[in-house]
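Residue numbers (my numbering): 8 to 379. The C-beta atom is built at its ideal place from N, Cα and C for all residues, glycine as well. Bear in mind that the values here come from a model prediction, so they are computed numbers and not experimental data. What follows is a single structure, written as structure tokens, with notes after it.
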């Protein structure tokens, strides 16, 4: 079976994606699968070849040596294609390199986890790992996700969502709104980004404007969320229509919160698996994770993050990540390993789920005839 691993991308999480792709490449069963590497540079160029991952890790000069690569929006031709240009006659030549049975996107953040690539793969009619357009886009947008959770009767923290244009046109009014509706501290986040990129914990009024400015650099929508003194509990979900959920893990950051450095650079945060919570709390969190997963029509996989109040024990759903980190220290594969599914087997299951989801899509009627 031919698997295309898709990584990199036009996102603030580009480097995280490279680390995840490297881990998947090392763990996948190369006797079972023929792997094709498909990299996306920070400016959106698609590159192929066996050295594409190393090239993105190394930088511009190495990237120049990789061939341009494309996937056509052609349901008849599930092929990876390479482009070459003849400078003399300015002609462009497209050569088929290999067919793909499944694409495994390991793209975090914008243009990868938000439904953009999923839409491309749907048009190309290629099976792919992970959620479809709806699950991807709703899971990605923190503001929309909270609205869906609220409608589904699932607990989320109070928050305010504003557009960047509103913030720029009347910063004072936005600051006043935050002070009136929420109590400090608050977390200010880009609505459509992950890995804690662009997130600021604000503990006093003087920091609000700088927090809003930081978040506005990363997205056109900003979420301001009530801060709580809480433990961070996470579970992994795997499946399509009948998903299963892992045991819970706890993240114990040594900083104010579990930021980008704590997740991917520093080793000072502690991941406790299983999380030291009561059996009743575990069941409640697992049930809410499945409910959230189904509410946004997820498929394949997701990591669902919770906040557990240290004093009251109350639990809130914080986020749902449809393409969670797959690095060697990431919680998603670690939780499944602790639940009895090793990394290579997890990859197998995700590929099987991608094929199952494709069968479900193929069963949908595509034409309608009016009988006279």
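For residue 65, the three-state secondary structure derived from DSSP is helix. By the neighbour-count criterion, in which a residue is buried when 16 or more other Cβ atoms sit within 10 angstroms of its Cβ, residue 130 is exposed. One thing to note: residue 360 has its Cβ no nearer than 8 Å to the Cβ of residue 249. The continuous alpha helix (DSSP H) containing residue 353 extends over residues 350-369. Inclusion of residue 102 and residue 133 in the CB contact set at 8 Å is not warranted, their separation being larger than that value. Looking from the CA of residue 255, the closest CA among 261, 369, 341 belongs to 341. Relative to residue 75, the option among 68, 62, 90 whose CA is nearest is 90.
In this structure, the beta-carbon distance from residue 12 to residue 31 falls below 8 Å.
Counting along the chain, residue 312 sits inside the beta strand (DSSP E) bounded by residues 307-316. In this structure, the beta-carbon distance from residue 327 to residue 235 does not fall below 8 Å.
Burial state of residue 125 is buried, judged by a 10 Å Cβ sphere holding 16 or more other Cβ atoms.
Residue nearest to residue 353 within the set 152, 166, 35 is 35 (criterion: CA-CA distance).
Counting C-beta pairs with one atom in each stretch, the stretch 140-157 and the stretch 223-230 have three or more that are closer than 8 Å, which means they touch.
The Cβ atoms of residue 19 and residue 225 sit closer than 8 Å to each other. Its Cα nearest to that of residue 170, the residue 222 stands out among 194, 113, 222.
Of all alpha-carbon atoms in 292, 311, 49, the one lying nearest the alpha-carbon of residue 331 is that of 311.
The Cβ atoms of residue 58 and residue 73 sit closer than 8 Å to each other.
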